[in-house]
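The numbering of the sequence shown is our numbering, which starts it at 7 and goes up by one. Positions of the beta carbon are idealized from the N, C-alpha and C atoms, including for glycine. As structure tokens, the structure follows; a few thoughts come after it.
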Amino acid sequence: MKKNTITLLAYGLALMFMTTNCKDDKKPDPLAPSTDLVDAINKIELADVSLVAPQPVVVVESKIETSPQAAAVNNGIREMVTSGVVPESVRTAGSVISTALSAEERNAVRSVTPEMLAALEKGGDLPDNLKAIQTKAAANASLSAYFTKVTYPTVQGVVIKGQRTNGGSPEVADSYEGVLVSDVCLAAAEAEYQKVKAKLDASRTTQLSGVATQFASDIALLPPAEASCLSALPTKYDALRTSERETFNNTNSLLDQNQGSMDPELYAQLKTQVYIAYIQNITSLNSLQEADTLACTAKTTAGTASAEAARDANTLAVENAYTTAITAAGAARAALAQSCHNQGGGQ
């Protein structure tokens, strides 16, 4: 009885195994994957990424504006040579300097030596007492109206003043769940996938190479531009200082010619005004030259940052396009594998 029971149980298990795991022998596994699916996977391409250019660096160049009030005084002094009359513009200038600076300060300004001025023109500093007077004069709105006005450059919205991801490759499964990779059909399916992957990899490499080429081209423009920017500054500012020096000398000469046409106090006031204006103008030019020098470098720094931002954005766009394409290829790969099996069971 026990033997019969075991025998019946064995027959029952065998019957259950056959009914749940048998395949339709009349429909064998295909030897090649679905041609429609093969066509579909081979149509997968890496999208062409339109490369973005670096954003332009926003620069507002420095500016120098001569003083209309100073020009009026110089013209007035020049007219005195023939008219012998002191114009109102000249008297006003004398009054302004006498109100802005004390007698002691005015005397100190007129005591500036040619050597001090020569040192200043070369970027040197004045003695501390004169620097303090200069600072006071520059802060006086009425007196500073007679000085040359300078506007400092800006780079990317920042005022420049003179001072003394790569996400990697997406993971794709190397095997298939529920299938045997040794199958001839599966080998053909895998070959199709690898062919498409190689195509996508090559397209990715080509597009990333284009990104690198554009970045190199963008960066290559910056050092020559900076060198050109820097090389132009000494000539520009030497000429401006020379012009200021000529104006200073001419005005002093005219004052001396007209000394007899004005009272001694006005003469001294105007001498002070001419000296303090020259000191301030040269100081402003020196500071502006330094600011422009810094701006040349700031332009390169900003241009580099802009080029890097464009490179990173372009790289990310290519990588995203690759991820999209290789993910689609992975899904098509799985579909090809499934097409290699009949649907009778064995899942």
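Residue i versus residue j - alpha carbon distance
i: D224; j: K142; result: 47 angstroms
i: T289; j: A124; result: 12 angstroms
i: A151; j: S104; result: 15 angstroms
i: Q162; j: A316; result: 16 angstroms
i: T212; j: A327; result: 13 angstroms
i: S345; j: I332; result: 20 angstroms
i: T329; j: A319; result: 15 angstroms
i: Q265; j: Y273; result: 6 angstroms
i: T253; j: E71; result: 15 angstroms
i: Q275; j: I285; result: 15 angstroms
i: A323; j: D244; result: 49 angstroms
i: A6; j: L227; result: The requested residue 6 is not part of the displayed model; the chain covers only 7 to 353.
i: L300; j: A238; result: 13 angstroms
i: K128; j: G90; result: 37 angstroms
i: E232; j: G216; result: 25 angstroms
i: S249; j: V79; result: 17 angstroms
i: V96; j: R247; result: 24 angstroms
i: G168; j: N256; result: 29 angstroms
i: D207; j: A341; result: 21 angstroms
i: P133; j: L214; result: 60 angstroms
i: S73; j: E325; result: 58 angstroms
i: S293; j: P230; result: 24 angstroms
i: C302; j: R339; result: 55 angstroms
i: N135; j: R251; result: 23 angstroms
i: V65; j: D269; result: 50 angstroms
Exposure of residue i, with buried meaning 16 or more beta-carbon neighbours within 10 Å
i: K277; result: buried
i: D54; result: exposed
i: L236; result: exposed
i: A337; result: exposed
i: G18; result: Interpretation of G18 is limited by its pLDDT of 38, a score under 50 that renders its predicted location unreliable; the figure taken from the coordinates is listed afterwards. Exposed is the call here.
i: E110; result: exposed
i: V165; result: exposed
i: P120; result: exposed
i: A147; result: exposed
i: G130; result: exposed
i: P39; result: buried
i: A218; result: exposed
Reference residue i; option with closest CA among the options
i: V118; options: T333, Q279, S148; result: Q279
i: T88; options: S267, L322, I70, L272; result: S267
i: Q220; options: A313, T248, A208; result: A313
i: N116; options: N258, S148, V79; result: In the sequence on display, residue 116 carries Arg and not Asn. Of the candidates N258, S148, V79, the one whose C-alpha sits nearest the C-alpha of R116 is N258.
i: E85; options: A304, L261, L272, D207; result: L261
i: S101; options: E271, A341, G130; result: E271
i: E67; options: A340, A341, Q295, E325; result: Q295
i: T321; options: L57, L43, S40, D42; result: L57
i: A222; options: A106, Q200, P60, Q140; result: P60
i: K242; options: P230, A218, D131, L291; result: L291
i: K137; options: A340, A99, Y281, V65; result: Y281
i: I139; options: S108, L126, K155; result: S108
Residue(s) in a DSSP beta bridge with residue i
i: I83; result: Note: I83 sits in no beta bridge, so no partner.
i: K69; result: T157
i: V64; result: Per DSSP, none; premise fails for V64.
i: V165; result: T160
Neighbourhood of residue i by C-beta, 6 angstroms cutoff - its chain only, sequence neighbours within 5 removed
i: P93; result: G82
i: A16; result: Legend: pLDDT at A16 = 33, less than 50; position of this residue unreliable, no value from coordinates given.
i: K69; result: T157
i: S209; result: L52
i: V44; result: E198
i: K155; result: E71
Beta-carbon proximity list for residue i, same chain, < 7 angstroms, skipping 5 on both sides
i: L202; result: In the sequence on display, residue 202 carries Val and not Leu. So the list reads I47, N48, I50, A335, once near-sequence residues are dropped.
i: A76; result: Y152, A283
i: D298; result: S68, P159, L239
i: N113; result: none
i: D42; result: none
i: A99; result: V79, Y152, L276, Q279
i: S234; result: none
i: Q263; result: V87
i: M122; result: L132
i: Q200; result: none
Beta-carbon contacts of residue i that lie in its chain and below 8 angstroms, excluding the five residues immediately before and after
i: V63; result: V161, Q162, K305, A308, G309, S312
i: A144; result: S150, F153, Q286
i: A106; result: K142, A143, N146, S148, L149
i: T126; result: The residue you asked about is not Thr; residue 126 is Leu in the sequence shown. Same-chain partners within the cutoff: L132, I285, I288, T289, N292.
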